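Chains H and R, in that order, are what the protein sequence lines are. Using the numbering used here, the letters of the first sequence map in sequence onto residues 414 to 611. Using the numbering used here, the letters of the second sequence map in sequence onto residues 414 to 611. Glycine included, C-beta positions come from ideal geometry on N, C-alpha and C. As the structure is a prediction and not an experimental result, all values here were calculated from the model.
There are 2 protein chains.
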Amino acid sequence: MRKSADLRKAQIVAVILDLADRIGPDRVTTGAIAAEVGVTQAAIFRHFPTKAEMWVAVADHVAGLLTAAWAEALKEANPPVERLKALVGAQLDQIKAHPALPMLLFSRELNVENAALRAAFRDRLAALHGLLMQEVIAGQRDNALLRDVAAGDVAVLLTSLIQGLAIRWSLGARDFVLRDEGLRLLAVQLRLLGVRGG
Amino acid sequence: MRKSADLRKAQIVAVILDLADRIGPDRVTTGAIAAEVGVTQAAIFRHFPTKAEMWVAVADHVAGLLTAAWAEALKEANPPVERLKALVGAQLDQIKAHPALPMLLFSRELNVENAALRAAFRDRLAALHGLLMQEVIAGQRDNALLRDVAAGDVAVLLTSLIQGLAIRWSLGARDFVLRDEGLRLLAVQLRLLGVRGG
DNA sequence: GTTGTAAGTAAGTAAATACTAACTTAAGGA
DNA sequence: TCCTTAAGTTAGTATTTACTTACTTACAAC
Chain H
414 MRKSADLRKA
424 QIVAVILDLA
434 DRIGPDRVTT
444 GAIAAEVGVT
454 QAAIFRHFPT
464 KAEMWVAVAD
474 HVAGLLTAAW
484 AEALKEANPP
494 VERLKALVGA
504 QLDQIKAHPA
514 LPMLLFSREL
524 NVENAALRAA
534 FRDRLAALHG
544 LLMQEVIAGQ
554 RDNALLRDVA
564 AGDVAVLLTS
574 LIQGLAIRWS
584 LGARDFVLRD
594 EGLRLLAVQL
604 RLLGVRGG
Chain R
414 MRKSADLRKA
424 QIVAVILDLA
434 DRIGPDRVTT
444 GAIAAEVGVT
454 QAAIFRHFPT
464 KAEMWVAVAD
474 HVAGLLTAAW
484 AEALKEANPP
494 VERLKALVGA
504 QLDQIKAHPA
514 LPMLLFSREL
524 NVENAALRAA
534 FRDRLAALHG
544 LLMQEVIAGQ
554 RDNALLRDVA
564 AGDVAVLLTS
574 LIQGLAIRWS
584 LGARDFVLRD
594 EGLRLLAVQL
604 RLLGVRGG
């Protein structure tokens with residue numbers, strides 16, 4: 414069936430993201446994409462001039478997903494500590510929904526070939542760090558979090574918690590519930606940071 | 414010049430590890446290896462039957478390096494908290510010496526193609542976790558670390574600290590001193606865990 | 001020295017890759 | 001209803017990849 418260019422582009426991006434998880438980011442060939450989309454290989458190039466452009470589109474899409482997920486998480490949650498939990502939970506949910514995400518951080522397309530990709534991911538990591546730090550500062554102001562620790566350092570520890578967990582999940586059999594284990598560890602860390610009944 | 418098989422094998426492994434960092438793990442072709450070693454491409458296959466076998470040898474080599482580095486670190490250090498610092502410092506030194514290490518965790522060779530590779534890395538991560546946990550338990554026994562946190566959870570937080578830092582280092586311009594920044598963050602975390610004058 | 005072994009080479013192969021050129025056909029507006 | 005546009009196809013190409021085969025040569029033990 415024939416689709417409009419916009420729909421097809423979106424479909425291609427989604428297929429790449431899915432394939433990246435299932436067969437590995439650099440194994441995602443134009444042939445594999447075409448087979449999954451259900452068109453000929455050449456048709457892919459009607460929508461993207463080069464393969465690198467496809468990855469840029471994937472990066473844009475992922476950046477949008479993350480940004481939206483964080484905004485959504487912050488919409489409802491309200492004491493700073495709850496907002497921290499919401500952010501971490503949202504990020505873990507995104508990783509679960511798109512397990513290729515951690516792998517993309519270190520794929521060849523990103524690290525060697527495509528500087529734009531790397532920049533996009535670094536930018537999103539920095540954004541998450543910023544959001545977390547903001548909440549840590551608010552929590553310290555409310556006396557909900559210890560004040561004698563730099564908010565930036567706490568934010569680093571929290572992003573590391575997410576990434577370390579994602580590595581463990583990816584490397585293993587993905588045999589635990591990312592969100593549950595993450596929020597449990599977050600509670601441990603928050604208790605160390607002075608939150609009572611974390 | 415002609416070398417013995419053992420020397421050549423070791424050289425090939427070292428070259429792969431170096432190339433993996435410089436051009437990306439999956440860009441390491443047999444041709445690139447051969448050029449770097451200084452022999453013809455076909456000569457590589459005198460020493461390894463398949464490319465997958467080469468990666469297994471790399472994994473074995475890396476596992477040995479890590480294990481030795483941890484043992485060395487623990488040799489001298491003595492109060493548990495110092496031993497924790499030594500372990501973390503040693504691991505960060507290894508990552509600095511072999512920057513391909515974090516990338517290998519997520520390369521195609523590991524994640525999709527080569528189950529043996531993944532198993533080897535998971536095993537080493539588990540080993541580090543075990544060593545850290547052991548020291549945490551000792552620290553708690555000495556009343557140097559808070560007792561109301563599970564030692565296993567603390568070990569997870571510490572390995573995550575290392576991994577998160579490595580990601581930040583790799584993704585960025587490697588523009589900070591891994592060991593310094595890592596030990597600084599470790600001190601922050603240790604202070605949260607009850608260590609005075611961390 | 002001679003000789004067997006194994007490290008090395010030259011020259012190839014089949015398969016896979018990103019990308020192209022020329023043609024076909026579906027779909028929506030005039 | 002026709003006709004323009006653009007999504008799609010078929011059939012390629014040049015390059016790169018892991019791996020092979022048949023031959024050559026360095027070297028160490030005897």
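Buried/exposed call for residue i, threshold 16 Cβ in 10 Å
i              : result
G595 (chain H) : buried
D439 (chain H) : buried
N527 (chain H) : buried
N524 (chain H) : buried
P493 (chain H) : buried
L500 (chain R) : buried
S417 (chain H) : exposed
P531 (chain H) : For clarity, residue 531 (chain H) is Arg in the given sequence; the question names Pro instead. Looking at its Cβ environment, which holds 16 or more other Cβ atoms inside 10 Å, R531 (chain H) is buried.
A503 (chain R) : buried
A586 (chain H) : exposed
V562 (chain R) : buried
E548 (chain H) : buried
Distance between beta carbons of residue j and residue i, contact taken as under 8 Å
i              : j              : result
D566 (chain H) : V450 (chain R) : With 8 Å as the limit, D566 (chain H) and V450 (chain R) do not qualify as a contact, their Cβ atoms being about 44 Å apart.
V628 (chain R) : H511 (chain R) : The displayed coordinates of chain R run from 414 to 611. Any statement about residue 628 (chain R) would go beyond what the structure contains.
L487 (chain R) : R496 (chain R) : 6 Å
S583 (chain R) : Q576 (chain H) : Going by Cβ atoms, the distance from S583 (chain R) to Q576 (chain H) rounds to 11 Å, so no, they are not a contact pair.
W483 (chain H) : L541 (chain H) : 7 Å
L479 (chain R) : R537 (chain R) : 5 Å
L559 (chain H) : G607 (chain H) : 4 Å
A564 (chain H) : I550 (chain H) : 5 Å
The ligand NAD heavy atom lying under 7 Å from the CB of residue i
i              : result
R581 (chain H) : What this structure holds is no ligand at all, so the ligand NAD is not there to describe.
Below-8 Å beta-carbon distance, residue i vs any chain R residue
i              : result
D536 (chain H) : no
K440 (chain H) : Residue identity check: residue 440 (chain H) is Arg in the sequence provided, not Lys. Yes, contact with chain R.
G611 (chain H) : Confidence at G611 (chain H) is low in this model, with a pLDDT of 47, below 50, so the placement of that residue should be treated as unreliable; the coordinate-derived value is given next. False, the Cβ-Cβ gap to chain R never drops below 8 Å.
N527 (chain H) : no
M516 (chain H) : yes
G437 (chain H) : yes
V562 (chain H) : yes
L578 (chain H) : yes
DSSP-derived helix/strand/coil call for residue i
i              : result
G585 (chain R) : coil
T443 (chain H) : helix
S520 (chain R) : coil
R415 (chain R) : coil
V562 (chain H) : coil
G607 (chain H) : coil
F534 (chain R) : helix
I425 (chain R) : helix
V469 (chain R) : helix
A433 (chain R) : helix
D555 (chain R) : coil
T401 (chain H) : Nothing can be reported for residue 401 (chain H), as the shown portion of chain H is limited to 414 through 611.
Any chain H beta carbon closer than 8 Å to residue i
i              : result
F458 (chain R) : no
F519 (chain R) : yes
R531 (chain R) : yes
Q507 (chain R) : no
Contact between the stretch 423-440 of chain H and the stretch 508-521 of chain H (3+ Cβ pairs under 8 Å): Yes, they touch.
Stretch pair the stretch 443-457 of chain R + the stretch 415-432 of chain R: three plus CB contacts closer than 8 Å: Yes: at least three Cβ pairs fall under 8 Å.
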